[in-house]
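Student:
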Amino acid sequence: MTTVTADNLIDGRAIAEEIHQETRQIITRLYDNGLQPGLAFIRVGEDPASKVYVGMKEKTCTRLGIRSRTEVLPEATEQKDLLRRIAELNADPTVHGILVQAPLPAHIDSAAVFNTISPGKDVDGFHPVNMGKLLLGDPSGFVPCTPAGVQQLLLRTGIATAGAEVVVLGRGNIVGKPLAALLLQKARGADATVTLCHSRTRHIAEHCRRADILVAAMGVAHFVKADMVKPGAIVIDVGVNRVADAAAPNGSKLVGDVDFDAVRLVAGRITPNPGGVGPMTIAMLLSNTARAAAQALGIKID
Ligand code: GUN
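For the sequence shown, the numbering used here begins at -11 and goes up steadily by one.
Quick look at the structure:
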């Protein structure tokens, strides 16, 4: 078994801060050209987790000098009214990025919503044009923030992905599918052999045990146990699950998809939760927004 030390943790907060500093430099260049980047958030309904996430994203925008505003629409908002509001934001030159927080109420077709956001303002990377560019390896699109954040965690921690066996658990459109597409590209921080496992996968523990890099993004609390992880493997926990906890003041707590206390004894490196992937998602969102604003101004930043 791998020796356990506190330093096998991957510090997502510190790496996110590094990316924020780079984004700040781009924003300074935009200011020098007379442009303040703007990001519009739309939240529909009162999902408690979405309130927290959008609040954290907004706060970080303010810290970096991105103008942001959040529009909160009632739960009963009709899809056509939401689409009309997105069309208005598409046409607003002071708005460079648009983010509609998921999950949306059941009566709204989220694909129709993401398809309506102009691809150039789609800082979430959920529009089919951006998803298509990701799959094709065209770097001119926006990459979804959590997959991009996972890739940056690996890159900036010096974890080699080329030729590595990467197992992604979860085939959602927000994390699993785009992350698999990202890591299999012929590119820096990619070139991996990717296996995408999901709820119908047979012998899932066996797949997990083959992984050099295991990414858990299926939304099942503590799914990944220590005996599913190859000693020394890299474990990235994307999950955020609310579970009952009699000892907590509100009777519940948040846990990841990984049984952290046990798995950290086996893993070579592991993300804590919180403080791992979460801050990276925000960092990539703001980076995408700065890029969207630069593109709107015709400035090349890469
Ligand atoms: N819900 C959970 N993750 C995300 C995300 O990255 N973007 C949006 N818009 N909603 C989410």
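The beta-carbon is built from N, C-alpha and C at its ideal position, and this holds for glycine as well.
Going along the chain, which residues of its own chain have a beta-carbon closer than 8 Å to the beta-carbon of LEU157, five neighbours each way excluded?
Tutor: In the sequence shown, counting from the first residue as 1, residue 157 sits at position 169. Excluding positions up to five away in sequence, the list reads GLY164, CYS185, HIS186, ILE192, CYS196, LEU202, VAL203, ALA204, ALA205, MET206, PHE211, VAL212, ASP245.
Student: Based on the DSSP output, what are the partners of ASN229 in its beta bridges?
Tutor: Counting from 1 along the sequence shown, the entry for residue 229 is found at position 241. For ASN229, which the question treats as bridged, DSSP gives the partners VAL243.
Student: Report buried or exposed for TYR41, applying the criterion of at least 16 other Cβ atoms within 10 angstroms of its Cβ.
Tutor: One-based indexing of the sequence shown puts residue 41 at position 53. It is buried - the Cβ of TYR41 has at least 16 other Cβ atoms within 10 Å.
Student: Quick one: complete alpha helix (DSSP H) runs, 4+ long, within the segment 25 to 82?
Tutor: You should have 36 to 52, 67 to 78.
Student: Mind checking ALA174: buried by the 16 CB within 10 Å criterion, or exposed?
Tutor: What you label residue 174 is simply residue 186 of the sequence shown in a count that begins at 1. Here the sequence assigns Lys to residue 174, which means Ala is not the residue at that position. Result: exposed.
Student: Is the Cβ-Cβ distance between PRO270 and ILE(-2) less than 8 Å?
Tutor: Reading the sequence shown from its first residue, position 282 is the one you call residue 270. Reading the sequence shown from its first residue, position 10 is the one you call residue -2. According to the sequence displayed, residue 270 carries Ile and not Pro. It is not a contact, given that the beta carbons lie outside the stated cut-off.
Student: Quick test of your reading: GLY266 and GLY53, contact by CB under 8 Å. State the CB separation rounded to the nearest angstrom.
Tutor: Along the sequence shown, read from residue 1 onward, the residue named residue 266 stands at position 278. Along the sequence shown, read from residue 1 onward, the residue named residue 53 stands at position 65. At roughly 22 Å, the Cβ-Cβ gap does not stay under 8 Å, so GLY266 and GLY53 are not in contact.
Student: Can we say the segment 274 to 281 touches the segment 79 to 91, given the rule of at least three CB pairs closer than 8 Å?
Tutor: Touching, yes, given that three or more Cβ pairs across the two stretches are closer than 8 Å.
Student: For LEU184, which beta-bridge partners are listed by DSSP?
Tutor: In the sequence shown, counting from the first residue as 1, residue 184 sits at position 196. VAL156, per the DSSP bridge assignment.
Student: According to DSSP, simplified to helix, strand and coil, what is THR(-9)?
Tutor: Taking the sequence shown and counting its residues from 1, one reaches residue -9 at position 3. With a pLDDT of only 41 at THR(-9), under the threshold of 50, the placement of this residue in the model should not be trusted; the figure read from the coordinates follows. Three-state result, THR(-9): coil.
Student: On the criterion of 16 or more Cβ atoms from any shown chain inside 10 Å, does ASP249 qualify as buried, or is it exposed?
Tutor: Locating residue 249 in the sequence shown gives position 261, counting from the first residue. With fewer than 16 other Cβ atoms within 10 Å, it is exposed.
Student: Comparing alpha-carbon positions, which option in ILE30, PRO91, VAL111, GLU6 lies nearest GLU76?
Tutor: Start at 1 with the first residue of the sequence shown, and residue 76 comes out as number 88. With distances taken between Cα atoms, GLU76 lies closest to ILE30.
Student: Does LEU171 come within less than 8 Å of chain B when only Cβ atoms are used?
Tutor: In the structure shown, chain B does not exist; there is a single protein chain.
Student: Please list, in chain order, all residues of the same chain as LEU123 whose beta carbon is under 8 Å from its beta carbon, the five residues on each side excluded.
Tutor: Numbered from 1 along the sequence shown, position 135 holds the residue referred to as residue 123. If we look at LEU123 and ignore the five residues flanking it on each side, its Cβ neighbours are ALA169.
Student: Kindly examine the ligand GUN and report whether one of its heavy atoms sits closer than 7 Å to the Cβ of VAL226.
Tutor: On the sequence shown, position 238 is the one that residue 226 refers to. No, the beta carbon of VAL226 sits no closer than 7 Å to any heavy atom of the ligand GUN.
Student: Where does ILE287 sit, in a helix, a strand or coil, going by DSSP?
Tutor: One-based indexing of the sequence shown puts residue 287 at position 299. Here ILE287 sits in coil by DSSP.
Student: Give me the pocket residues for the ligand GUN, defined as CB within less than 6 Å of any heavy atom, sorted by chain position.
Tutor: Per the Cβ criterion, the list is LEU87, VAL88, GLN89, ALA90, ASP112, CYS133, THR134, ILE162, THR269.
Student: Can you list, in chain order, the residues of its chain whose CB lies under 7 Å from that of GLY256, leaving out five sequence neighbours each side?
Tutor: The residue labelled residue 256 in the question sits at position 268 within the sequence shown. For GLY256, where only same-chain residues beyond five positions count, the Cβ hits under 7 Å are THR(-10), ASN(-4), GLY220, ALA221, ILE222.
Student: Rounded to the nearest angstrom, what separates ASP200 and ILE74 at their Cα positions?
Tutor: Counted from its first residue, the sequence shown places residue 200 at position 212. Counted from its first residue, the sequence shown places residue 74 at position 86. C-alpha separation (whole angstroms): 41 Å.
Student: On the CB-based measure, 16 or more other CB atoms within 10 Å of its CB, does VAL111 come out buried or exposed?
Tutor: What you label residue 111 is simply residue 123 of the sequence shown in a count that begins at 1. By the 10 Å Cβ count, VAL111 comes out buried.
Student: ALA169 lies in the alpha helix (DSSP H); which residues open and close that run?
Tutor: Here residue 169 is taken as the residue at index 181 of the sequence shown, counted from 1. Note, ALA169: alpha helix (DSSP H), 164 to 171.
Student: For VAL254, which option in LYS218, LEU171, THR134 has the closest C-alpha, if you only look at C-alpha atoms?
Tutor: To locate residue 254, count along the sequence shown from 1; it is residue 266. Checking every option, the nearest Cα to that of VAL254 belongs to LYS218.
Student: To the nearest angstrom, how far is the alpha carbon of THR48 from that of LEU141?
Tutor: In the sequence shown, counting from the first residue as 1, residue 48 sits at position 60. In the sequence shown, counting from the first residue as 1, residue 141 sits at position 153. Each residue's Cα considered, the two are about 19 Å apart.
Student: Could you check where the alpha helix (DSSP H) with ILE14 kicks off and where it finishes?
Tutor: As a first step, residue 14 must be located in the sequence shown, where it is residue number 26. 0 to 20 is the extent of the alpha helix (DSSP H) around ILE14.
Student: Excluding the 5 residues flanking PRO107 on each side, which residues of the same chain have their C-beta closer than 7 Å to its C-beta?
Tutor: On the sequence shown, position 119 is the one that residue 107 refers to. Only HIS115, VAL117, ASN118 meet the Cβ criterion.
Student: Would you identify the three-state DSSP class for LEU92, choosing helix, strand or coil?
Tutor: Along the sequence shown, one-based indexing puts residue 92 at 104. Coil.
Student: Whose CA, out of GLY113, LEU23, GLN139, ARG51, lies closest to the CA of ILE287?
Tutor: In the sequence shown, residue 287 corresponds to position 299, counting from 1. Comparing Cα-Cα distances from ILE287 to each of GLY113, LEU23, GLN139, ARG51, the minimum goes to LEU23.
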